[in-house]
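**Student:**
In my numbering, the protein residues as written are 769 to 889.
#1: Helix, strand or coil: how does DSSP classify residue 877 here?
#2: CA-CA distance, residue 824 and residue 848?
#3: Who are residue 827's beta bridge partners in DSSP?
#4: Are the beta-carbon atoms of residue 817 and residue 873 separated by less than 7 Å?
#5: By Cβ distance, which residues of its chain are closer than 7 Å to residue 776, with the 5 residues on each side in sequence left out?
#6: Taking the alpha carbon of residue 810 as the point to measure from, which residue in 860, 887, 836 has its own alpha carbon closest?
#7: Please report how far the alpha carbon of residue 870 lies from the alpha carbon of residue 798, in whole angstroms.
#8: Checking 7 Å against the spacing of the C-beta atoms, do residue 801 and residue 790 come in under that value?
#9: Pull up the distance between the alpha-carbon of residue 879 and that of residue 769, whole angstroms please.
#10: Answer with buried or exposed for residue 851, where buried requires no fewer than 16 other C-beta atoms within 10 angstroms of its C-beta.
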């Protein structure tokens, strides 16, 4: 786990509680995490996403945060994408196709997208 932490995120160690949380997530245990801003919440789902099979879906109402997270992940070599109201229909379809094909590992989605019939397919 430390190898991926260093390789993808550039950190040598975990912040307090991160390793415990990530271990529980990897064991597929239900986990509720409440941490302050800057506490390292994102890593608690990003690192497990790299170790588990399938797509990790992150629901976020904050468009700017989504973009920052996806840009950072891509810069670190993690295949990530986002779906929100800033995308044209063609771009959104392309992201959904990439997710279906397994080309995206972490997908950030605005809550209103979850209700769209096209998204649920």
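The beta carbon of each residue, even a glycine, is placed where N, CA and C say it ideally should be.
These numbers were taken from a predicted model, which means no experiment stands behind them.
**Tutor:** So, from the listed chains and residues:
#1: strand
#2: 9 Å
#3: 877
#4: yes
#5: 818, 844, 845, 846
#6: 836
#7: 24 Å
#8: no
#9: 31 Å
#10: buried
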